[in-house]
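Structure, as structure tokens:
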Amino acid sequence: MKIRTMRLGIAVSALLLAGIVYWGYHYSRDSSLHSALAASTLQAGDLELIDGYNRFGNRLFLEAISQSEASANRFLSPYSAAVALSMAYNGASGKTAEEMARVLLYPSSVKENVNRSNNAILGASIQRTEKTELQIANSIWLRKGISFKPGFLAANKSYYNSKLDTLDFADSSAPRQINDWVKQQTNGKIDSIVDPAIGEDVISILLNAVYFNGEWSTPFYPGYTKEQPFKREDGTMAQVKMMHVGGEYAYAKTEQAEAVRLPYGDGRLGMTVYIPGKKTKALPELAEWLLGEGGLKKISGELRMKTGSIALPRFKLEDKLELNEILKGMGMASAFNPQQADFGGIAALVDGNIYLSKAMQKTYVEVNERGTEAAAVTKIEISATGAQVVDDRFQFEANRPFFFTISDQDTGLILFMGSVSDPRES
Numbered sequence: 001m002k003i004r005t006m007r008l009g010i011a012v013s014a015l016l017l018a019g020i021v022y023w024g025y026h027y028s029r030d031s032s033l034h035s036a037l038a039a040s041t042l043q044a045g046d047l048e049l050i051d052g053y054n055r056f057g058n059r060l061f062l063e064a065i066s067q068s069e070a071s072a073n074r075f076l077s078p079y080s081a082a083v084a085l086s087m088a089y090n091g092a093s094g095k096t097a098e099e100m101a102r103v104l105l106y107p108s109s110v111k112e113n114v115n116r117s118n119n120a121i122l123g124a125s126i127q128r129t130e131k132t133e134l135q136i137a138n139s140i141w142l143r144k145g146i147s148f149k150p151g152f153l154a155a156n157k158s159y160y161n162s163k164l165d166t167l168d169f170a171d172s173s174a175p176r177q178i179n180d181w182v183k184q185q186t187n188g189k190i191d192s193i194v195d196p197a198i199g200e201d202v203i204s205i206l207l208n209a210v211y212f213n214g215e216w217s218t219p220f221y222p223g224y225t226k227e228q229p230f231k232r233e234d235g236t237m238a239q240v241k242m243m244h245v246g247g248e249y250a251y252a253k254t255e256q257a258e259a260v261r262l263p264y265g266d267g268r269l270g271m272t273v274y275i276p277g278k279k280t281k282a283l284p285e286l287a288e289w290l291l292g293e294g295g296l297k298k299i300s301g302e303l304r305m306k307t308g309s310i311a312l313p314r315f316k317l318e319d320k321l322e323l324n325e326i327l328k329g330m331g332m333a334s335a336f337n338p339q340q341a342d343f344g345g346i347a348a349l350v351d352g353n354i355y356l357s358k359a360m361q362k363t364y365v366e367v368n369e370r371g372t373e374a375a376a377v378t379k380i381e382i383s384a385t386g387a388q389v390v391d392d393r394f395q396f397e398a399n400r401p402f403f404f405t406i407s408d409q410d411t412g413l414i415l416f417m418g419s420v421s422d423p424r425e426s
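Going by the numbering used here, 328 is the number at position 328 of the sequence shown; the sequence numbering is gapless.
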């Protein structure tokens with residue numbers, strides 16, 4: 001895995017942890033007024049799904065950093081992964097559906113309830129203001145010649161507003177079309193997620209794209225930014241561009257962590273930054289407390305408005321996370337097993353079995369004096385073993401004797417008929 005990043009160690013990783021708290025709550029389309037009104041209509045099950053997605057994200061992040069080098073930064077969108085998997089859940093049954101529901105922490109395993117809550121959360125979170133924008137887009141790309149179940153397509157189109165597009169995956173232009181959609185939905189920050197050649201067994205590609213752009217409520221003044229030392233996890237020092245700002249912010253300090261929330265725009269969206277406290281001391285211990293021991297909720301309850309100053313590194317990074325093994329380790333094993341997966345609700349096959357062949361996510365984030373720009377794309381590739389694809393392409397060559405008719409298409413009346421044994425003029 002290659003990560004293009006400034007090696008900012010503890011502070012950067014703490015920022016990324018902070019992002020988990022907010023990713024699952026917002027979806028952009030029109031205005032913050034609409035979202036504020038819609039948010040009041042969320043029901044208990046909708047709020048439970050939000051909580052479940054957050055807890056799923058906590059575990060997902062812990063699993064991700066456990067598989068990383070100690071010095072590596074990580075950035076992911078648990079919400080994006082959860083939504084993409086929820087789209088696939090519409091075609092799952094039996095043990096596969098049970099495992100997915102358990103890992104994603106659905107408050108109800110009934111698909112209608114999950115879909116309705118997802119739709120309500122998206123609608124309630126619509127927001128686009130002068131200083132903040134958060135867009136979410138879903139799409140399902142279908143291999144031409146496969147008979148997909150109408151219920152699977154209808155649920156994803158209706159509840160997730162998924163773009164449905166049928167493509168000839170064997171055509172060299174298909175990956176480009178899909179990647180163009182990704183690039184458009186992420187404002188060019190992620191330009192591709194599909195390989196130049198789509199696997200022959202892949203019958204569908206599910207995508208969720210998230211794009212966020214927010215200006216700080218109080219920007220960092222560029223003139224105060226200066227080179228300063230940053231102590232990395234291994235104790236070595238690095239010189240980084242450190243931004244500075246002062247004012248009144250929500251702040252908390254406990255023995256486990258110190259936290260401050262930096263709001264964007266009107267304050268609804270914000271980034272909370274966490275650094276280790278006396279008891280956690282280092283990033284691994286901080287992450288375990290925040291994500292594994294419920295520290296995020298605990299310290300959120302301690303935040304109080306106080307006047308102070310903030311120093312924050314300026315940074316930009318990209319990340320790529322393969323999700324197959326992580327999700328299997330979390331308890332979603334059968335979905336990725338070609339023999340055991342139960343996704344009969346996705347498509348009707350003459351032979352073979354449908355399974356999730358690849359789950360991955362790409363992310364981008366840049367934090368500077370003006371604000372934050374971030375994007376994530378989650379891809380779920382759905383494949384089939386031994387699938388007989390109905391290929392409606394043909395190549396017809398009348399290069400031997402043939403028969404023909406001339407008829408009335410509406411009535412079926414044959415007006416002329418004939419045969420040609422030698423097309424040379426008689």
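Note that CB positions come from ideal geometry on N, CA and C, so glycine has one too.
TODO: Verify whether the separation of the beta carbon atoms of Asn213 and Glu130 is less than 7 Å.
DONE: Mapped onto the sequence shown, residue 213 falls at position 213. Mapped onto the sequence shown, residue 130 falls at position 130. No; because the gap between Cβ atoms is not below 7 Å, this pair is not in contact.
Task: Same chain, Cβ closer than 6 Å to Glu381, five either side skipped, listed in chain order - done: As a first step, residue 381 must be located in the sequence shown, where it is residue number 381. Contacts found: Val202, Ile205, Ser357 and Lys358.
- [ ] Below 8 Å on the Cβ atoms is my guess for Leu317 versus Val365; work out the distance and round it to an integer in Å.
- [x] Here residue 317 refers to the residue found at position 317 of the sequence shown. Here residue 365 refers to the residue found at position 365 of the sequence shown. Confirmed, about 6 Å.
Task: Exposed unless 16 or more other CB atoms sit within 10 angstroms - verdict on Tyr25 - done: Numbered from its first residue, the sequence shown carries residue 25 at position 25. Any reading at Tyr25 needs caution, since the residue's pLDDT is 28, under 50, leaving its predicted position unreliable; the model's value is listed next. Burial call: buried.
Open item on the list: So, does the stretch 63 to 79 touch the stretch 335 to 351, judging by three or more C-beta pairs under 8 Å?
Closed with: no
Task: Gly329 versus Asn73: straight-line alpha-carbon distance, rounded - done: Here residue 329 corresponds to residue number 329 of the sequence shown, with the count starting at 1. Here residue 73 corresponds to residue number 73 of the sequence shown, with the count starting at 1. Computed Cα separation, rounded: 22 Å.
Open item on the list: Here's the rule: buried if 16 or more other CB atoms are within 10 angstroms of the residue's CB, otherwise exposed. What is Gln177?
Closed with: Taking the sequence shown and counting its residues from 1, the one referred to as residue 177 is at position 177. The residue is exposed, with fewer than 16 neighbouring Cβ atoms inside 10 Å.
Open item on the list: Can you find the residues in the same chain that come closer than 6 Å, C-beta to C-beta, to Phe220, ignoring five residues on each side of it along the sequence?
Closed with: Walking along the sequence shown from the start, residue 220 turns up at place 220. Cβ neighbours of Phe220 beyond the five flanking positions: Met243, Val245 and Glu369.
Task: Cβ separation of Phe152 and Gly371, assumed to be a contact under 8 Å, to the nearest whole Å - done: Taking the sequence shown and counting its residues from 1, one reaches residue 152 at position 152. Taking the sequence shown and counting its residues from 1, one reaches residue 371 at position 371. Not really, about 39 Å apart at Cβ, beyond 8 Å.
Task: Whole-angstrom distance between Pro196 and Ser172, CA atom to CA atom - done: Along the sequence shown, one-based indexing puts residue 172 at 172. Along the sequence shown, one-based indexing puts residue 196 at 196. For Ser172 and Pro196, the distance between alpha carbons rounds to 7 Å.
TODO: Please list the segments of the beta strand (DSSP E) lying wholly inside the stretch 112 to 172, counting only runs of 3 or more residues, in order along the chain.
DONE: 132 to 143 and 163 to 167
- [ ] Could you tell me how far apart the beta carbons of Ala335 and Leu290 are, in whole angstroms, since I believe they sit closer than 8 Å?
- [x] By one-based count along the sequence shown, residue 335 stands at place 335. By one-based count along the sequence shown, residue 290 stands at place 290. Not really, about 28 Å apart at Cβ, beyond 8 Å.
- [ ] Report yes if the C-beta distance between Glu99 and Gly331 is below 7 Å; otherwise report no.
- [x] For this step, residue 99 is matched to residue 99 along the sequence shown. For this step, residue 331 is matched to residue 331 along the sequence shown. Contact: yes.
- [ ] Answer yes or no: the CB of Pro150 versus the heavy atoms of the ligand NAD, is any distance below 6 Å?
- [x] By its list of ligands, the structure shown contains no ligand whatsoever, and the ligand NAD lies outside what it can speak to.
Open item on the list: Using DSSP's beta-bridge definition, name the partner residues of Gly214.
Closed with: The residue labelled residue 214 in the question sits at position 214 within the sequence shown. In DSSP, Gly214 forms a bridge with Thr132 and Thr372.
TODO: Identify every run of the alpha helix (DSSP H) within the stretch 204 to 289, keeping only runs that are complete inside it and at least 4 residues long; order them along the chain.
DONE: 283 to 287
Task: Three-state secondary structure assigned by DSSP to Leu327 - done: Indexing the sequence shown from 1 puts residue 327 at position 327. In the structure shown, Leu327 sits in a helix (DSSP, three-state: H, G or I).
TODO: Return the chain-ordered list of same chain residues with a C-beta closer than 8 Å to the C-beta of Tyr53, the five sequence neighbours on each side being excluded.
DONE: Locating residue 53 in the sequence shown gives position 53, where the first residue counts as 1. So the qualifying residues of the chain are Gly24, Pro78, Tyr79, Ala82, Leu104 and Leu105.
TODO: Tell me, please, whether the CB atom of Ile140 is closer than 7 Å to any CB atom in chain C?
DONE: Protein chains in the displayed structure number just one, and chain C is not present.
Open item on the list: Within 10 Å of its beta-carbon, does Lys281 have 16 or more other beta-carbons around it, so buried, or fewer, so exposed?
Closed with: As a position in the sequence shown, residue 281 is number 281, starting the count at 1. So Lys281 ends up on the exposed side.
- [ ] Report yes if the CB atom of Asn208 is closer than 7 Å to the CB atom of Thr378, and no otherwise.
- [x] As a position in the sequence shown, residue 208 is number 208, starting the count at 1. As a position in the sequence shown, residue 378 is number 378, starting the count at 1. Yes, Cβ-Cβ distance for Asn208 and Thr378 is below 7 Å.
TODO: State buried or exposed for Met240, treating a residue as buried only when at least 16 other CB atoms are found within 10 Å of its CB.
DONE: As a first step, residue 240 is located in the sequence shown; it is residue number 240 there, counting from the start. According to the sequence provided, residue 240 is Val. The question's Met does not apply to it. Its Cβ being crowded by 16 or more others within 10 Å, Val240 is buried.
Open item on the list: My output table needs one value for Val110: the three-state DSSP class, helix, strand or coil.
Closed with: The sequence position of residue 110 within the sequence shown is 110, counting from 1. Three-state DSSP puts Val110 in coil, outside helix and strand.
TODO: Report all residues from its chain with a CB closer than 8 Å to the CB of Asp266; omit the five preceding and five following residues, and keep chain order.
DONE: Stepping through the sequence shown from its first residue, residue 266 is reached at position 266. If we look at Asp266 and ignore the five residues flanking it on each side, its Cβ neighbours are Ser32, Thr129, Lys131, Thr132 and Ser217.
TODO: Report the three-state DSSP secondary structure of Arg393 (helix, strand or coil).
DONE: Within the sequence shown, numbered from 1, the residue matching residue 393 stands at position 393. With a pLDDT of only 47 at Arg393, under the threshold of 50, the placement of this residue in the model should not be trusted; the figure read from the coordinates follows. Of the three classes helix, strand and coil, the one that applies to Arg393 here is coil, per DSSP.
- [ ] Use the C-beta contact count for Tyr224: other C-beta atoms within 10 angstroms, 16 or more gives buried, fewer gives exposed.
- [x] In the sequence shown, the residue the question calls residue 224 occupies position 224. Burial call: exposed.
Task: Exposure of Asp46, with buried meaning 16 or more beta-carbon neighbours within 10 Å - done: What you label residue 46 is simply residue 46 of the sequence shown in a count that begins at 1. Its Cβ being crowded by 16 or more others within 10 Å, Asp46 is buried.
Task: Selection from Ser108, Val182, Lys297 and Lys231 that minimises the alpha carbon distance to Thr363 - done: The residue given as residue 363 occupies position 363 in the sequence shown. Of the listed residues, the one whose Cα sits closest to Thr363 is Val182.
TODO: In angstroms with no decimal places, state the Cα-to-Cα distance between Glu63 and Ala374.
DONE: What you label residue 63 is simply residue 63 of the sequence shown in a count that begins at 1. What you label residue 374 is simply residue 374 of the sequence shown in a count that begins at 1. Approximately 22 Å, taken between the alpha carbons.
TODO: Just mark Lys278 as buried or exposed, buried being the case when its beta carbon has 16 or more other beta carbons within 10 Å.
DONE: Position 278 of the sequence shown, counting from 1, holds the residue named residue 278. With fewer than 16 Cβ atoms within 10 Å of its Cβ, Lys278 is classed as exposed.
Task: Cβ neighbour criterion (16 or more within 10 Å) applied to Arg102 - done: On the sequence shown, residue 102 is found 102 positions in, with the first residue counted as 1. By the neighbour-count rule (16 or more Cβ atoms within 10 Å), Arg102 is not buried but exposed.
- [ ] Give the DSSP-derived three-state secondary structure of Gln339 in the structure shown.
- [x] As a working note, residue 339 is residue 339 in the sequence shown. The answer is coil: DSSP assigns Gln339 none of H, G, I, E or B.
Task: Per-residue burial, Gly91 [other beta carbons within 10 Å of its own, 16 or more giving buried] - done: Residue mapping note: residue 91 aligns to position 91 of the sequence shown, counting from 1. Buried, since its Cβ has 16 or more Cβ neighbours within 10 Å.
Task: Beta-carbon proximity list for Gly188, same chain, < 8 Å, skipping 5 on both sides - done: Your numbering for residue 188 matches position 188 in the sequence shown. If we look at Gly188 and ignore the five residues flanking it on each side, it has no Cβ neighbours.
Task: Phe75 (DSSP reduced to helix, strand or coil) - done: Against the sequence shown, residue 75 aligns to sequence position 75. In this structure, Phe75 counts as coil in the three-state DSSP scheme.
Open item on the list: Within a Cβ cutoff of 7 Å, which residues of the same chain sit near Ala252, ignoring the five residues on either side of it in sequence?
Closed with: To locate residue 252, count along the sequence shown from 1; it is residue 252. For Ala252, where only same-chain residues beyond five positions count, the Cβ hits under 7 Å are Ala259, Ile299, Glu302, Leu303 and Arg304.
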